[in-house]
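Numbering (the working numbering), first residue to last: 2 to 220.
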């Protein structure tokens, strides 16, 4: 059982809420929780508590590393956590201040980003180790980061790397762990399309009923 989790911001009567989603890669959406405010630990903890009440225990969890996810997984003693590669690269690009329209203009930043992507694309331990050596050479010798901001971004990327390869650690088992949160992201895109036809949520009292109806229709 592989669980992909994420949270989507929803506005109800102009007030910010978060819809927390738990998506099983084989079954589909299995749990949701609506909570007022921004993405947070309490929302994810409630999501996992509801899953535990249903006797659902994931063998691995895939996430984008959003606010509150790490503390929740630690609290519930979830051992296998796979970080989304897309979000890791997005965070790296943002930290390096790379303009989407001018990605290749700064060669130094481009090579750091390109070798990080190449490293994440590794599909074996030997390949990963070799590409990590290349990444270190690029970052430490050839195209060194400038300033504390860029250095901290690189350090954060390296620190998270072990969780980026959880799929590889247990790939010889029957588990097929995705390296991105695309399964739930795809679901959210369909959810957004259905929500758009309702012209928004104008009443907190009816929000749960309407959201449940949308999720039921998508199943």
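Using N, Cα and C, we set each Cβ at its ideal position, and we do this for glycine too.
Just so you know, these numbers come straight off a predicted model, no measurement behind them.
For the 8 Å CB-CB criterion, residue 129 and residue 166 form a contact. Linking residue 2 to residue 57 through their CA atoms gives a straight-line distance of about 9 Å. From the listed residues 147, 21 and 13, the smallest Cα separation to residue 216 is found for 21. Unbroken alpha helix (DSSP H) stretches of 4 residues or longer found wholly inside the stretch 71-147: 86-96, 108-121 and 126-138, given in chain order.
Secondary structure note for residue 36: its beta strand (DSSP E) is the uninterrupted segment 29-37. For residue 49, same chain residues with a beta-carbon under 7 Å away, outside a window of 5 residues either side, are 73 and 77 in chain order. The C-alpha of residue 90 lies about 7 Å from the C-alpha of residue 118. The beta carbon of residue 109 lies closer than 7 Å to those of 144 in the same chain, with the five residues before and after it left out. Take the alpha-carbon of residue 181 and the one of residue 121: they are about 11 Å apart. A direct Cα-to-Cα measurement between residue 30 and residue 203 gives close to 24 Å. Taking each of 80, 66, 164 and 196 in turn and checking the Cα distance to residue 88, the smallest one comes out for 66. Between residue 4 and residue 18, the C-beta spacing is not below 8 Å.
Sequence-distant partners of residue 39 (beyond 5 residues in either direction) whose C-beta falls short of 6 Å from its own C-beta are missing from its chain. Relative to the Cα of residue 63, the nearest Cα in the group 176, 206 and 211 belongs to 176. Residue 61 is bridged by DSSP to 3. The bridge partners DSSP lists for residue 151 come to none.
Residue 32 and residue 9 have their alpha carbons spaced roughly 14 Å apart. In the structure shown, residue 47 falls within a helical segment according to DSSP collapsed to helix, strand and coil. For residue 28, there are no CB contacts under 7 Å within the same chain when 5 residues up- and downstream are skipped.
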